[in-house]
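Before any comments, here is the structure.
And the structure:
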């Protein structure tokens, strides 16, 4: 599996955005050290009291020189807040300067604070994303290209500069509705699936719909699942340190999603979120039934991620945020030291001595029964061989 560290730069009252951004740089370097494959932020605008990542491309440009291996993903760039041609050009420049470490996720946004401020037509935003994906891919792969649709109309043009990853940097769609999963599938690109806390069944159904509709001509299905995450030394520590901020994040999302569901038919599916009621601030529901969280000891986090993998996930996008800096660093380290190796390098995990000795004894008994075991004797007495060659 691929592991993505995601942050939205949540900044606590009484601190500064300046200090939070410098902490975030340290967290990304730390994530690279501990084996995360990729770092991503979502493009967030005007999000009072929470997310601050308004300009991912500027943040990434700073981080390229502070890292050497970890990849960077726009998770997500907002269409139609940004014109698809502008997104394509930004990604092409980033691909060059990062030496081929950039990835692109797109979506239409899910907060009224940003969508209304940018005067987005909510009833046409899904169309804008669908056409925008096609425009970006054409700009990357056709020279020259053109596009004439219902939302965008672009005469023949040539993208300058060109990407270095071919045919183009990896692309993804952020999706919580089945329709968005199918848009990604038909385009033959990856999906970043979000349950919106509605439950495991919705997540399973959406992933299944994506895989059924995937256009295999364009490559291999890539299913990322975006979750809030926190790893502590024990389940109790994780709950005490990460639980309160996780519940508060869900409460804030609840308010925004239910409001958006009433404003446009294209967001009406989010009305199901409102039906959760008090469960959205019930820690046990969030952890066990929402399909939106990985939290606990390393062993618990492994079990939870195994569940996502059983649904078809090929990557985990872990939002580790909204807690103090030192806790984020420790959570990243625990994921990197104990959880990620379980899925990427299980053969390298050190086993307990008692477990290994038990295996040795069982193998010795089998060898004895087969008559091939060599039993060593005291020094000077030689050894008794039972046919070992």
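Numbering (the working numbering), first residue to last: -7 to 381. Don't be surprised by glycine CBs; every beta carbon is placed ideally from N, CA and C. Computed from a prediction, not measured in an experiment: that's the story for all the values here.
Hey, is the region 1 to 20 in contact with the region 344 to 357, meaning 3+ C-beta pairs nearer than 8 Å?
Judged by Cβ distances under 8 Å, the region 1 to 20 makes no contact with the region 344 to 357, as fewer than three pairs qualify.
Quick check on the burial criterion: 16 or more other C-beta atoms within 10 angstroms. Buried or exposed for residue 152?
Within the chain shown, the letter at position 160 stands for residue 152. The residue is exposed, with fewer than 16 neighbouring Cβ atoms inside 10 Å.
Quick check: what's the CA-CA separation for residue -1 versus residue 242?
Position 7 of the chain shown, counted from the start, is the residue given in the question as residue -1. Position 250 of the chain shown, counted from the start, is the residue given in the question as residue 242. When rounded, the distance between both Cα atoms is 15 Å.
Please classify residue 60: is it buried, with 16 or more other beta-carbons within 10 angstroms of its beta-carbon, or exposed?
As a working note, residue 60 is residue 68 in the chain shown. Exposed, since its Cβ has fewer than 16 Cβ neighbours within 10 Å.
On the DSSP letters alone, give me the boundaries of the beta strand (DSSP E) that residue 66 sits inside.
Taking the first residue of the chain shown as 1, we reach residue 66 at position 74. Counting along the chain, the beta strand (DSSP E) containing residue 66 begins and ends at 63 to 70.
Which residue or residues does DSSP assign as beta-bridge partners of residue 163?
Taking the first residue of the chain shown as position 1, residue 163 is located at position 171. DSSP lists 96 as partners of residue 163.
Considering only C-alpha positions, which residue in the set 290, 188 and 339 is nearest to residue 228?
Residue mapping note: residue 228 aligns to position 236 of the chain shown, counting from 1. Ranking the options by Cα distance to residue 228, first place goes to 290.
According to the neighbour-count rule (16 or more other Cβ atoms, all chains shown, within 10 Å of its Cβ), is residue 381 buried or exposed?
Within the chain shown, the letter at position 389 stands for residue 381. Because residue 381 carries a pLDDT of 40, less than 50, the predicted location of this residue cannot be relied on, and the following value inherits that uncertainty. Residue 381 comes out exposed.
What would DSSP say about residue 221, mapped onto helix, strand or coil?
Working through the chain shown from its first residue, we reach residue 221 at position 229. DSSP places residue 221 in strand when its eight states are reduced to three.
CB residue 94 to CB residue 161, shorter than 8 Å?
In the chain shown, the residue the question calls residue 94 occupies position 102. In the chain shown, the residue the question calls residue 161 occupies position 169. Yes, the Cβ-Cβ distance between residue 94 and residue 161 is below 8 Å.
Give the secondary structure of residue 35 by DSSP, where H, G and I count as helix, E and B as strand, and everything else as coil.
Along the chain shown, one-based indexing puts residue 35 at 43. Correct three-state label for residue 35: coil.
List the whole-angstrom C-beta distance separating residue 67 from residue 34, where the pair is believed to meet the contact cut-off of C-beta under 8 Å.
Working through the chain shown from its first residue, we reach residue 67 at position 75. Working through the chain shown from its first residue, we reach residue 34 at position 42. Sure, about 5 Å apart at Cβ, within 8 Å.
Looking only at its own chain, which residues have a Cβ that is under 7 Å from the Cβ of residue 169, when we skip the five neighbours before and after it?
Indexing the chain shown from 1 puts residue 169 at position 177. For residue 169, where only same-chain residues beyond five positions count, the Cβ hits under 7 Å are 261.
Which residue comes first and which comes last in the alpha helix (DSSP H) that contains residue 16?
Here the question's residue 16 lines up with position 24 in the chain shown. Looking at the DSSP string, the run of the alpha helix (DSSP H) that includes residue 16 is 9 to 25.
Is it the case that the Cβ atoms of residue 77 and residue 146 are separated by a distance below 8 Å?
The count along the chain shown starts at 1 and reaches residue 77 at position 85. The count along the chain shown starts at 1 and reaches residue 146 at position 154. Result yes, Cβ atoms of residue 77 and residue 146 sit closer than 8 Å.
DSSP three-state call for residue 327: helix, strand or coil?
Sequence index remark: in the chain shown, residue 327 carries index 335 (1-based). Helix.
Here's a check: name, in chain order, each residue in its chain whose Cβ is nearer than 7 Å to the Cβ of residue 379, leaving out the five neighbours to either side.
Within the chain shown, the letter at position 387 stands for residue 379. For residue 379, the pLDDT reaches just 44, beneath the cut-off of 50, and the residue's location in the model is therefore unreliable, leaving the point undetermined.
Could you please give me the residues that DSSP links to residue 185 through a beta bridge?
In the chain shown, residue 185 corresponds to position 193, counting from 1. Paired residues: 167 and 217.
To which residues of the same chain is residue 335 closer than 6 Å at the C-beta, ignoring the five residues directly before and after it?
Stepping through the chain shown from its first residue, residue 335 is reached at position 343. Closer than 6 Å at Cβ, skipping near neighbours: -7.
For residue 156, count the other beta carbons within 10 Å of its own beta carbon; 16 or more makes it buried, fewer makes it exposed. Which is it?
The sequence position of residue 156 within the chain shown is 164, counting from 1. Flag for residue 156 reads exposed.
Alpha carbon to alpha carbon, what distance is there between residue -5 and residue 305?
Within the chain shown, residue 305 is the residue found at index 313, counting from 1. Within the chain shown, residue -5 is the residue found at index 3, counting from 1. The straight-line gap from Cα to Cα measures roughly 11 Å.
Relative to the C-alpha of residue 295, which candidate in 324, 330 and 272 has its C-alpha closest?
The residue labelled residue 295 in the question sits at position 303 within the chain shown. Nearest in C-alpha terms to residue 295, of all of 324, 330 and 272, is 330.
Buried or exposed for residue 198, please, with buried defined as at least 16 other CB atoms from any protein chain shown within 10 angstroms of its CB.
On the chain shown, residue 198 is found 206 positions in, with the first residue counted as 1. With 16 or more Cβ atoms within 10 Å of its Cβ, residue 198 is classed as buried.
Pair every Cβ in the region 297 to 317 with every Cβ in the region 206 to 219, then say whether three or more of these pairs are closer than 8 Å.
Taking a cut-off of 8 Å for Cβ pairs, the region 297 to 317 and the region 206 to 219 touch, as three or more such pairs fall below it.
To the nearest angstrom, report how far apart residue 5 and residue 148 are at their CA atoms.
Locating residue 5 in the chain shown gives position 13, counting from the first residue. Locating residue 148 in the chain shown gives position 156, counting from the first residue. Cα-Cα distance, rounded: 49 Å.
Just to confirm, is the Cβ distance from residue 37 to residue 106 under 8 Å?
On the chain shown, position 45 is the one that residue 37 refers to. On the chain shown, position 114 is the one that residue 106 refers to. Yes, the pair counts as a contact, with Cβ atoms nearer than the cut-off.
Could you give the DSSP three-state label for residue 343: helix, strand or coil?
Against the chain shown, residue 343 aligns to sequence position 351. Here residue 343 sits in coil by DSSP.
For residue 53 and residue 191, which I take to be in contact (beta-carbon distance under 8 Å), what is that distance rounded to the nearest angstrom?
Locating residue 53 in the chain shown gives position 61, where the first residue counts as 1. Locating residue 191 in the chain shown gives position 199, where the first residue counts as 1. About 39 Å; that fails the 8 Å criterion.
Is the separation between the beta-carbon of residue 24 and that of residue 62 shorter than 8 Å?
In the chain shown, the residue the question calls residue 24 occupies position 32. In the chain shown, the residue the question calls residue 62 occupies position 70. Yes, the Cβ-Cβ distance between residue 24 and residue 62 is below 8 Å.
Within 10 angstroms of the Cβ of residue 340, are there 16 or more other Cβ atoms? Answer buried if so, exposed if not.
Walking along the chain shown from the start, residue 340 turns up at place 348. Burial call: exposed.
Which residues in the same chain have their Cβ closer than 8 Å to the Cβ of residue 325, if we skip the five residues on either side of it in sequence?
Taking the chain shown and counting its residues from 1, the one referred to as residue 325 is at position 333. Only 22 and 26 meet the Cβ criterion.
Might you give, ordered along the chain, the residues of its own chain that have their beta carbon closer than 6 Å to the beta carbon of residue 238, omitting 5 neighbours on each side?
On the chain shown, position 246 is the one that residue 238 refers to. For residue 238, the CB contacts under 6 Å within the same chain, skipping 5 residues up- and downstream, are 220 in chain order.
Out of 120, 332 and 244, which one is the CA nearest neighbour of residue 103?
Looking up residue 103 in the chain shown gives position 111. The residue among 120, 332 and 244 with its C-alpha nearest the C-alpha of residue 103 is 244.
Measuring straight from C-alpha to C-alpha, what distance separates residue 97 and residue 317?
Within the chain shown, the letter at position 105 stands for residue 97. Within the chain shown, the letter at position 325 stands for residue 317. For residue 97 and residue 317, the gap between their C-alpha atoms comes out near 26 Å.
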